[in-house]
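Taken in sequence, the protein lines are chains A and B. For the first sequence, the working numbering begins at 1 and goes up steadily by one. For the second sequence, the working numbering begins at 1001 and goes up steadily by one. Glycine included, C-beta positions come from ideal geometry on N, C-alpha and C. Just so it is clear, the structure is predicted and the values come from calculations on it, not from any experiment.
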Amino acid sequence: DTAVSQTPKYLVTQMGNDKSIKCEQNLGHDTMYWYKQDSKKFLKIMFSYNNKELIINETVPNRFSPKSPDKAHLNLHINSLELGDSAVYFCASSPTRGTNSPLHFGNGTRLTVT
Amino acid sequence: QKEVEQDPGPLSVPEGAIVSLNCTYSNSAFQYFMWYRQYSRKGPELLMYTYSSGNKEDGRFTAQVDKSSKYISLFIRDSQPSDSATYLCAMGGNNRLAFGKGNQVVVIP
């Protein structure tokens, strides 16, 4: 009964392809996030949704489009994949939208673009 | 100056030693301070959470916050090989949440 689960765990694809990553949380949290972690372990926020509403949209290429069908799910679709998109993408959730609310992370999706 | 500075290491220590990690920050709006532990191929997991200056202890782990110096620390006593991981500091406040770059720790048996 994983709290924050994301699929797939690994994704290897070629440049130019379109791919999606799915995330689900069973913690009853209101807020969900996508983070990108580069090879040097630096975590950078991409998007945040609170109860299906987009609340954070950092400077991310518009090839990245999040979608939240309900507050327990947050998916990430990436169009026209580029080499620089290779990274580990983490989904996370928190009870509230405040920055005092600790995050619960999934185990990541390792994306490799060739 | 970066918002959160954390020396990436790596830091290698013998088993049983005290591990000392720290982060500095520049944003005075940060009021909440967290340490996450990340094992290889896993997501970060919350280790310590504090919102006031001073020390907070949990087992072998102590988190220390000095808001006047904008400096936080994590100490691991009697380190074990199972403590080998990357430790990330994180700080929140005023609708901002920022992570440090992570510090890789290796505890050698």
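Residue i at chain A interface by Cβ criterion, 8 Å
i, result
"Pro1010(B)", "no"
"Thr1086(B)", "yes"
"Tyr1051(B)", "yes"
"Leu1046(B)", "yes"
For residue j and residue i, the rounded distance between their alpha carbons
i, j, result
"Ser48(A)", "Glu82(A)", "23 Å"
"Leu1097(B)", "Lys67(A)", "22 Å"
"Met1091(B)", "Arg1037(B)", "14 Å"
"Asp18(A)", "Leu11(A)", "11 Å"
"Thr1080(B)", "Asp1058(B)", "It is worth fixing the name first, because residue 1080(B) is Gln in this sequence and not Thr. Cα to Cα, the separation comes out at about 15 Å."
"Pro1010(B)", "Val1105(B)", "6 Å"
"Ala1046(B)", "Val4(A)", "First, the amino acid is wrong: residue 1046(B) is Leu here, not Ala. Between Leu1046(B) and Val4(A), the C-alpha separation is close to 14 Å."
"Ser1068(B)", "Thr1086(B)", "27 Å"
"Phe1099(B)", "Lys9(A)", "23 Å"
"His77(A)", "Asp38(A)", "18 Å"
Short CB-CB distance (under 8 Å) between residue i and chain B
i, result
"Leu27(A)", "no"
"Leu137(A)", "This structure cannot settle anything about residue 137(A), because the visible part of chain A is limited to 1 through 114."
"Thr59(A)", "no"
Environment of residue i [buried if 16+ CB atoms lie within 10 Å]
i, result
"Leu111(A)", "buried"
"Pro1044(B)", "buried"
Closest residue to residue i among the options (Cα-Cα distance)
i, options, result
"Val1013(B)", "Phe1075(B), Val1004(B) and Phe1030(B)", "Phe1075(B)"
"Phe1061(B)", "Asp1078(B), Val1107(B), Lys1002(B) and Gly1054(B)", "Asp1078(B)"
"Lys183(A)", "Gly108(A), Gln14(A) and Glu53(A)", "No answer is possible for residue 183(A): it lies beyond the span of chain A, which begins at 1 and ends at 114."
"Phe1033(B)", "Ile1108(B), Asn1094(B) and Ile1018(B)", "Asn1094(B)"
Could you run through the segment 1008-1034 of chain B and flag, in chain order, every residue whose CB is less than 8 Å away from some CB of chain A?
-> Residues Pro1008, Gln1031, Tyr1032 and Met1034.
Scan the segment 1096-1109 of chain B for residues whose Cβ lies nearer than 8 Å to a Cβ of chain A and list them as they occur along the chain.
-> Residues passing the 8 Å Cβ filter: Arg1096, Leu1097, Phe1099, Lys1101, Gly1102 and Gln1104.
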